[in-house]
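**Q**
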Amino acid sequence: MGNGNISQGLIHLNQTKTCYLTGDTISGTVNLNLIQAKRQVEKIYIELIGEIGYTGTKYTWERAALPTATTAYHHPKFYKDTIILTILNVEREISYWPFQFQLPDYLPPTLNKLPNYPHVKYYLRVRIYRKGSIVINKVIKYVTKIYPRVNLLKNLEWLKPIHNTYIDNNVILYVTLNKSGYVPGEVIYMTLQIENPLKALIQRIDFSIIKNHVIGRYICKDTILLTDGCKCKDTIFKITLPKILNLKDEQIQEVFDVIIPSLLLPPSYVSHEEILKNVYIDISYKLELAIKIQGIFNDFYVDIPITLGTESNPNFNQQQIFNPMVIPDYSMFNDDDLPPEYDSTVQNLERLSVQD
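Going by full-length UniProt numbering, the sequence shown opens with residue 1, and the numbers climb by one from there.
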């Protein structure tokens, strides 16, 4: 390491978690074997740093030539907490210092694995200064994941049923969801009602869970105008809904329940300029319904925003008891119509790779 003044350096965490949540404590010790540098070391401190990474395009001009475009990589830091290490302990020529960081509530979630772009990452860094404020060595350790706590119970709007209507190509689609806020592993209960007066052939309906994220810098607080940054879209989960396959019925009604994959997914998040200076981070989720209809340019797509949290009702399997999904009484159905069969089987499951 470095110039040889330190033969060994290690950051040891007291508890290694798959994911830390805001409000948690990251604690441990810094272990250093200072061989020749004991008399030179003036200050040692450890930092917890949050950093975003995104790409942009850089143009260079030469005489009488067209501009050349190259990819520029940006790594601005949005968070830093520093602890000066003063409590020195020595054991078998190894010096070690305890440290402890309390994670603030506003931190954005870790996003994407290195070296993928864009990303949000956190790491611990030890800096060692000698007299004259010259860095003689440093130790870096990456923190696995940090997610903000998003408790769905703190916003009751996320727990209310939602009803939306969409019209396209003479087909009317009514969508009812049991709520708009979920956590990984939870069940989405959904009712689809279709009016198809022209009896168009509805070949299938594809259901997807989509994650969108925008990372970069912005200069206008109100309009969030990005000066540079990255916009990405990831498909978390995709299936073809059963039962609505090659149908020409004028009236269709089906009920579905789809389980959100039990993956470690970053929760929904939007940064605030007064907290994260000049850095913009937006992570959002939506349900996408792709209605495939026979013919050219007849397909249409429906986007339904949802909120993904980290915490929900601890007994969310029984949430339907106190938060029932009410199917609205649309005019397309007569009072004599029988209720649809409830079938919880989801076929044609297709899970796509996800970068965390």
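Where a beta carbon is used, it is the ideal one built from N, C-alpha and C, also for glycine.
If you run the structure through DSSP and keep just helix, strand and coil, what is LEU158?
**A** Residue 158 is actually Trp in this sequence, not Leu. TRP158 falls in the helix class under three-state DSSP.
**Q** Do you know whose CA, among TYR182, LEU156, VAL135, lies nearest GLU311's CA?
**A** Among TYR182, LEU156, VAL135, the Cα nearest to that of GLU311 belongs to TYR182.
**Q** Whole angstroms are fine: how far does the CA of TRP61 sit from the CA of ASN5?
**A** Because the pLDDT at ASN5 is just 49, under 50, the model does not fix this residue reliably, and the value given afterwards should be weighed accordingly. Their Cα atoms are separated by approximately 45 Å.
**Q** Determine the extent of the beta strand (DSSP E) in which PHE300 is found, giving its start and end residues.
**A** Taken as a continuous stretch (DSSP letters only), the beta strand (DSSP E) holding PHE300 covers 300 to 308.
**Q** For THR307 and TRP158, what's the separation of their Cα atoms in angstroms?
**A** Cα-Cα distance, rounded: 7 Å.
**Q** Taking LYS43 as the reference, give the member of ASN33, ILE83, THR22, GLY50 with the closest Cα.
**A** Ranking ASN33, ILE83, THR22, GLY50 by Cα distance to LYS43 puts ILE83 first.
**Q** First and last residue of the beta strand (DSSP E) that includes ARG125?
**A** Here the beta strand (DSSP E) through ARG125 covers 119 to 130.
**Q** Could you compute how far the alpha carbon of THR176 sits from the alpha carbon of VAL30?
**A** Straight-line Cα distance between these residues: approximately 54 Å.
**Q** Any idea which residues DSSP pairs ASN89 with across the strands?
**A** Per DSSP, TYR96.
**Q** Using the C-alpha atoms, what's the distance from ILE146 back to PHE300?
**A** Distance between the alpha carbons of PHE300 and ILE146 is about 37 Å.
**Q** Going by C-alpha distance, which of LEU289, GLU93, TYR280 is nearest LEU192?
**A** Residue LEU289 is the option with its Cα nearest to LEU192.
**Q** Using DSSP with H/G/I as helix, E/B as strand and the rest coil, what is LEU264?
**A** Here LEU264 sits in coil by DSSP.
**Q** Could you name the residues of the same chain whose beta carbon sits closer than 7 Å to that of residue 358, not counting the 5 residues immediately before and after it, in chain order?
**A** Coverage of the chain is limited to positions 1 through 356, which leaves residue 358 absent and any answer about it impossible.
**Q** Do LYS292 and ASP303 count as a contact pair if the criterion is CB distance below 8 Å?
**A** It is not a contact, given that the beta carbons lie outside the stated cut-off.
**Q** What does a CB cutoff of less than 6 Å around ALA72 pick up in its chain, not counting 5 residues either side in sequence?
**A** Cβ within range, chain order: GLY56, LYS58.
**Q** From which residue to which residue does the beta strand (DSSP E) around HIS74 run?
**A** Per DSSP, HIS74 belongs to the beta strand (DSSP E) from 68 to 74.
**Q** Figure out for me which residue from LEU103, ASN298, PRO305, GLU51 has the closest Cα to the Cα of ARG204.
**A** Checking every option, the nearest Cα to that of ARG204 belongs to ASN298.
**Q** From THR16 to THR25, what does the alpha carbon distance come to, in whole angstroms?
**A** Roughly 11 Å between the two C-alpha positions.
**Q** Could you tell me the alpha carbon to alpha carbon distance between THR240 and SER208, rounded to whole angstroms?
**A** If I take the Cα positions, the gap works out to 9 Å.
**Q** Measuring alpha carbon to alpha carbon, tell me which of HIS12, SER95, SER268, ILE128 ends up nearest ASN151.
**A** Comparing Cα positions, the closest option is SER268.
**Q** In this structure, does DSSP put LEU152 in helix, strand or coil?
**A** Three-state DSSP puts LEU152 in a helix.
**Q** How big is the Cα-Cα spacing for SER262 and ILE244?
**A** Rounded to the nearest angstrom, the two C-alpha atoms are 26 Å apart.
**Q** Please go through the same chain and pick out, in chain order, the residues whose beta-carbon is closer than 6 Å to the beta-carbon of ILE252, but skip the five residues on each side of it.
**A** Answer for ILE252: ILE194, listed in chain order.
**Q** Exposed or buried, which one is THR165 when buried takes at least 16 other CB atoms within 10 Å?
**A** Exposed, by the Cβ-count rule.
**Q** Would you call PRO108 buried or exposed, if buried means 16 or more other Cβ atoms sit within 10 Å of its Cβ?
**A** It counts as buried.
**Q** Let me check understanding here. Comparing Cα to Cα, which of ASP168, LEU276, LEU198, GLY9 lies closest to VAL120?
**A** Residue LEU276 is the option with its Cα nearest to VAL120.
**Q** Tell me which residues share the same chain as VAL279 and place their Cβ nearer than 7 Å to its Cβ, disregarding the 5 neighbours each side in the sequence.
**A** ILE52, PRO76, PHE78, ARG217, SER271.
**Q** Answer yes or no: do LYS238 and ASP282 have a C-beta to C-beta separation smaller than 8 Å?
**A** Contact: no.
**Q** Would you give the residue range spanned by the beta strand (DSSP E) that VAL41 belongs to?
**A** VAL41 -> beta strand (DSSP E) spans 41 to 60.
**Q** For LEU10, collect the residues of the same chain with a Cβ closer than 6 Å to its Cβ; drop the 5 residues on either side in sequence, then sort them by chain order.
**A** The residues are ASN31.
**Q** Based on the DSSP secondary-structure assignment, which residues constitute the bridge partners of SER284?
**A** Its beta-bridge partners are ASN212.
**Q** Compute the Euclidean distance between the alpha carbons of ILE188 and VAL258, then round it to the nearest angstrom.
**A** Going from the Cα of ILE188 to the Cα of VAL258 covers about 5 Å.
**Q** What residue range does the beta strand (DSSP E) around GLU254 cover?
**A** Taken as a continuous stretch (DSSP letters only), the beta strand (DSSP E) holding GLU254 covers 251 to 259.
**Q** Nearest to PRO242 by alpha carbon, out of MET190, VAL214, ILE128, LYS154?
**A** Of the candidates MET190, VAL214, ILE128, LYS154, the one whose C-alpha sits nearest the C-alpha of PRO242 is MET190.
**Q** Could you tell me the boundaries of the beta strand (DSSP E) in which VAL175 lies?
**A** First-last of the beta strand (DSSP E) with VAL175: 171 to 177.
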